[in-house]
Amino acid sequence: MSSIENQLHNQIENGKLHKAVYDQTAIDLAGEMQLSHPAFSGNRSNMEKHILTSLAEEENFDKCMTYIHNPRKHFERFSRENVEKYILTEKRSKILTMIEGNIKGKEQRVSHAVQTATKTVKNKNGNTNMWLRELSSALKDELKFAEKHFSDFCDITNFDFLEEEVREVLANRIMEINRSLSNVSLLDMKQFRERPDEILIKHFCDCCWVHCPFCKGHKPKDHNVPFHRPKGINGCHFRNTVEFWIDFCTTSVTSNCRFYPSHESEDTYLLKEYRKAGPRFADWSITPDLSELPYWKWFVCRYQKDLERFYDKKFQGRGEIPNEWRKFTKQQAIESLKKI
1 MSSIENQLHN QIENGKLHKA VYDQTAIDLA GEMQLSHPAF SGNRSNMEKH ILTSLAEEEN
61 FDKCMTYIHN PRKHFERFSR ENVEKYILTE KRSKILTMIE GNIKGKEQRV SHAVQTATKT
121 VKNKNGNTNM WLRELSSALK DELKFAEKHF SDFCDITNFD FLEEEVREVL ANRIMEINRS
181 LSNVSLLDMK QFRERPDEIL IKHFCDCCWV HCPFCKGHKP KDHNVPFHRP KGINGCHFRN
241 TVEFWIDFCT TSVTSNCRFY PSHESEDTYL LKEYRKAGPR FADWSITPDL SELPYWKWFV
301 CRYQKDLERF YDKKFQGRGE IPNEWRKFTK QQAIESLKKI
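The UniProt record's numbering numbers the first residue of the sequence shown as 1 and each following residue consecutively.
Quick look at the structure:
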């Protein structure tokens, strides 16, 4: 085998074709989940509804607190867990078909590039350098081929023989890749240049994560949220007491009550004039609304003791939980999310 044949052999054998299959599969998987997986088939608000539903179904307080205080971290974990579940359990046969299609597609494109390079060189009476330029140009996106990867070779005139050599190397490599990916369980997430969950995380999470200054609700860009909640969930309480502040933000801003904008502040502001309390409040649009999401009422009742231990505060006095909140079931809480 000549020097150039050796180098072409190395370019195909050194994992580039394998990585190309993985990279395409990651893109296709992320796209497939955005089309067919309910949590990923809409915008971030839709995804958040599914996250809140999963938190209610799982009833894991630690995860709830991660969501409250570090929502991006929980969004990322939710994405990773659902991608893994989707790949390994829910859509195994579909993923295998996708992988097989990607392997076949890469094989066909490499074969076509080799054939086209040979045909072009013959028609133009070109040399090895022209053949390499044609091949590298055709495969620069598929396999990251580049002429600079090749050096120290003798000129070749039998391009048909060279083409056959490359086809043989390609066929052997394709067989190896097929064996290594014959089962979804053999899929190695570390091999992805960008994993499917990372693609989804980038799509849903690369945006503003500013929290509501009262309840820590969050929404990208426009600094308003559809999911305001009782402020006590965030640990808010009445100063110099252990009493949680359990009003919803949307209800609070209709009142003439006053609040301290921070633990250190000695100045108070009217809740209905919260924008005057400083930059952290000025950019927020909290629409006065007496409607309150049942989900969070159920949440407070379900995790009353956990929240009291977590913040070392009490649902008593001005922070006593209304009896009507205790009437909501978990199913009613979940159903309330669908009405938003």
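Every residue gets a Cβ at the ideal spot worked out from N, C-alpha and C, and that includes glycine. Quick caveat, the model's predicted, so the values are computed rather than measured.
| said: Please report the distance separating the alpha-carbon of HIS74 from that of GLU320. | reply: 29 Å
GLU320 in three-state terms, based on DSSP: coil
For LEU270, which beta-bridge partners are listed by DSSP?
ARG258
>> Using only CA atoms, which one of SER182, LYS338, LEU132 lies nearest to ARG92?
In response: SER182
Problem - Enclosing alpha helix (DSSP H) for GLU264 [first to last residue] - result: Run containing GLU264: none; DSSP gives neither H nor E here.
Margin query: Against chain C, with Cβ distances strictly below 8 Å, would ARG167 count as a contact?
Written below: Of the protein chains in the structure, only one exists, and it is not chain C.
Q | ILE246 to SER262 span [Cα, whole Å] | A | 17 Å
Cα-Cα separation, GLY235 to LYS313
8 Å
ask   = Is the stretch 130 to 138 in contact with the stretch 68 to 83, if contact means three or more CB pairs nearer than 8 Å?
value = no
(Q) Based on DSSP bridge pairs, tell me the residues matched to PRO230. (A) PHE248
Just grab the DSSP bridge partners of LYS314 for me. GLU243
| field | Contact the stretch 264 to 277 vs the stretch 18 to 30: 3+ CB pairs below 8 Å | value | no
Endpoints, the alpha helix (DSSP H) within which THR116 is located: 92 to 123
Note to self: Measuring straight from C-alpha to C-alpha, what distance separates LYS124 and ARG109?
What the structure shows: 22 Å
Check the C-beta distance from LEU293 over to SER336 and give it rounded, since I have them as a contact under 8 Å. 6 Å
Requested in this report: Tell me, please, whether the stretch 33 to 41 touches the stretch 321 to 332 by the rule of three or more beta-carbon pairs shorter than 8 Å.
Outcome: no
What three-state label does DSSP hand HIS37 in the structure shown? coil
Quiz item: Distance, Cα to Cα, HIS50 vs ASN60?
Solution: 15 Å
Taking the alpha-carbon positions, what's the residue 362 to ARG77 distance? The structure shown has nothing for residue 362, since the chain only spans 1 to 340.
Pick from GLU324, LEU143, THR241 that is closest to LEU17, judged by C-alpha positions = LEU143
| Taking just the CA atoms, how far does THR254 sit from CYS212? | 16 Å
Exercise. Starting from the C-beta of THR250, find all residues in its chain whose C-beta is less than 8 Å away, skip the five residues before and the five after it, and write them out in chain order.
Key: HIS228, ILE286, THR287, PRO288, ASP289, LEU290, SER291, GLU292
- Query: Could you give the distance in angstroms between the alpha-carbon of VAL166 and the alpha-carbon of HIS112?
  - Reply: 12 Å
Point to revise | Whole-angstrom C-beta distance between PHE214 and LYS231, which should lie under 8 Å | key: 5 Å
Problem - Distance between beta carbons of THR118 and PHE159, contact taken as under 8 Å - result: 5 Å
task = Specify, as a first and last residue, the run of the alpha helix (DSSP H) that HIS237 falls within.
result = Segment: none, HIS237 is in no alpha helix (DSSP H) and carries neither H nor E.
Exercise for review: State the start and end residues of the unbroken alpha helix (DSSP H) segment that holds SER79.
Suggested key: 71 to 85
Quiz item: According to the neighbour-count rule (16 or more other Cβ atoms, all chains shown, within 10 Å of its Cβ), is ILE87 buried or exposed?
Solution: buried
**Prompt:** Candidates LYS297, TRP296, PHE315, TRP298: which alpha carbon is nearest LYS305's?
**Reply:** PHE315
Alpha carbon to alpha carbon, how far is residue 367 from ASN240?
A query on residue 367 cannot be resolved here, the shown segment of the chain reaching from 1 to 340 and no further.
- Query: If you check the beta carbons only, do CYS64 and TYR303 fall under 8 Å apart?
  - Reply: yes
By the 10 Å Cβ neighbour count, where 16 or more other Cβ atoms means buried, how is PRO196 classified, buried or exposed? buried
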